[in-house]
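Q: Just dropping this structure here.
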Ligand code: TMP
């Protein structure tokens, strides 16, 4: 692959991805691993094609969002497991959007999983592994110096726009977007962009007809058929986007 030629030293290794420098100071390579973790890495494993599927799904979604006017860090797919992206400073906040009750919110609030939220719920978490990425509020984020109140308003707006676009896209693929997490970054020229990945690792996706879970909950909850679920999401998205 000609693009592998530009890959240089490893800059960072996370739980599911590795970031490499390139000859261009403003561009980095993201490598998607097959490793999976859950519950702040207390549960570990890996499954077939995870890296390839998350790379491919993220590429499809980011290309789609770019077309809809959402600025992202994405530049181009390099190969099955790698993509070239703009180097950004990741804002250490996870923006979680919930359209349906599920996961940690169901537990925290004693609600039944699967109920549609009357109002969209936005949670923010402080990205800090040592603390287990705790849920925080806007005042905490400002206190920690992660963002100003004005910046938070812009970031919630950005998140809401992405939610609207993703709900529609997944709906066309026969999937309910129950909830998802995104990460935002700042480029060297101070632009706020969507960074990281959007994949079945970072979304809860339920089949519209059967309610079947087609996301990382299959791994978290030992439901089996994890790799098949990721392939299914990829196939459905590909079909929808090819027809556009
Ligand atoms: P939660 O129910 O565990 O709070 O997760 C909400 C959504 O955020 C779900 O779609 C999975 C995603 N998520 C991540 O992408 N990374 C994480 O570390 C966590 C905890 C959740």
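In my numbering, the protein residues as written are 34 to 277. Backbone N, C-alpha and C fix where the C-beta goes; we use that ideal spot for every residue, glycine too. Note that the structure is predicted; figures quoted are calculated from it, not measured.
Would you say the beta carbon of residue 234 comes nearer than 8 Å to a heavy atom of the ligand TMP?
A: Residue numbering aside, residue 234 sits at position 201 when the chain shown is read from its first letter. Within the cutoff, so yes.
Q: I'd like to confirm something about residue 147: is its beta-carbon nearer than 8 Å to some heavy atom of the ligand TMP, or not?
A: For the purposes of this step, residue 147 is taken as residue 114 along the chain shown, with counting starting at 1. For residue 147, the shortest C-beta to heavy atom distance toward the ligand TMP is 8 Å or greater.
Q: Looking only at its chain, what residues have a beta carbon closer than 6 Å to the beta carbon of residue 259, apart from the 5 residues adjacent to it on each side?
A: As a first step, residue 259 is located in the chain shown; it is residue number 226 there, counting from the start. Answer for residue 259: 80, 251 and 252, listed in chain order.
Q: Nearest by alpha-carbon distance to residue 236: which of 221, 41 and 247 is it?
A: If you number the chain shown from 1, residue 236 lands on position 203. Out of 221, 41 and 247, 247 has the C-alpha closest to the C-alpha of residue 236.
Q: Which value, in whole angstroms, describes the spacing of the CA atoms of residue 269 and residue 176?
A: For the purposes of this step, residue 269 is identified with residue 236 of the chain shown, where counting begins at 1. For the purposes of this step, residue 176 is identified with residue 143 of the chain shown, where counting begins at 1. Computed Cα separation, rounded: 42 Å.
Q: Can residue 188 be considered in contact with the ligand TMP, in the sense that its beta carbon sits closer than 8 Å to one or more heavy atoms?
A: One-based indexing of the chain shown puts residue 188 at position 155. Flag unset: Cβ of residue 188 not near the ligand TMP.
Q: State the DSSP-derived secondary structure class of residue 78, mapped to helix, strand or coil.
A: Within the chain shown, the letter at position 45 stands for residue 78. Strand at residue 78.
Q: Quick check: residue 150 and residue 132, are their CB atoms within less than 9 Å of each other?
A: Here residue 150 refers to the residue found at position 117 when the chain shown is read from its first residue. Here residue 132 refers to the residue found at position 99 when the chain shown is read from its first residue. Yes, the pair counts as a contact, with Cβ atoms nearer than the cut-off.
Q: Given residue 52, which residues of its chain have a CB within under 8 Å of its CB, disregarding the five upstream and five downstream residues?
A: Here residue 52 refers to the residue found at position 19 when the chain shown is read from its first residue. Same-chain partners within the cutoff: 43, 44, 45, 46, 61, 62, 63 and 64.
Q: Would you kindly work out how many angstroms separate the C-alpha atoms of residue 34 and residue 135, rounded to a whole number?
A: Here residue 34 corresponds to residue number 1 of the chain shown, with the count starting at 1. Here residue 135 corresponds to residue number 102 of the chain shown, with the count starting at 1. Note that residue 34 scores 48 on pLDDT, short of 50, meaning its location in the model is unreliable; the coordinates nonetheless yield the value given after this. In a straight line, the C-alpha of residue 34 is about 41 Å away from that of residue 135.
Q: Any contact of the stretch 224-233 with the stretch 99-114, i.e. 3+ C-beta pairs under 8 Å?
A: Touching, per the Cβ criterion.
Q: Jot down the residue ranges of each uninterrupted beta strand (DSSP E) in the stretch 136-173, minimum 3 residues, whole runs only, in chain order.
A: 149-159
Q: What whole-angstrom Cβ distance do residue 205 and residue 266 have, given they're in contact under 8 Å?
A: Position 172 of the chain shown, counted from the first residue, corresponds to residue 205. Position 233 of the chain shown, counted from the first residue, corresponds to residue 266. Contact doesn't hold; Cβ gap of about 13 Å is too wide.
Q: Where residue 139 and residue 146 are concerned, what is the direct C-alpha to C-alpha distance, given to the nearest angstrom?
A: Counting from one through the chain shown, the residue named residue 139 turns up at place 106. Counting from one through the chain shown, the residue named residue 146 turns up at place 113. So the two alpha carbons sit approximately 6 Å from each other.
Q: Curious, which full-length beta strand (DSSP E) runs of at least 3 residues does the stretch 40-77 contain?
A: Within the stretch 40-77, the complete beta strand (DSSP E) runs of at least 3 residues are 40-46, 50-55, 60-65 and 68-71.
Q: Skipping 5 residues on each side, what residues in its chain have a beta carbon closer than 7 Å to that of residue 185?
A: Reading the chain shown from its first residue, position 152 is the one you call residue 185. For residue 185, where only same-chain residues beyond five positions count, the Cβ hits under 7 Å are 171 and 174.
Q: What's the C-alpha gap between residue 112 and residue 143?
A: Taking the first residue of the chain shown as 1, we reach residue 112 at position 79. Taking the first residue of the chain shown as 1, we reach residue 143 at position 110. A straight-line Cα-Cα distance of about 43 Å links residue 112 and residue 143.
Q: In this structure, how does DSSP classify residue 226 when only helix, strand and coil are distinguished?
A: Counting from 1 along the chain shown, the entry for residue 226 is found at position 193. Strand at residue 226.
Q: Identify which residue in 101, 152, 232 and 202 has its Cα closest to the Cα of residue 191.
A: On the chain shown, residue 191 is found 158 positions in, with the first residue counted as 1. It is 101.
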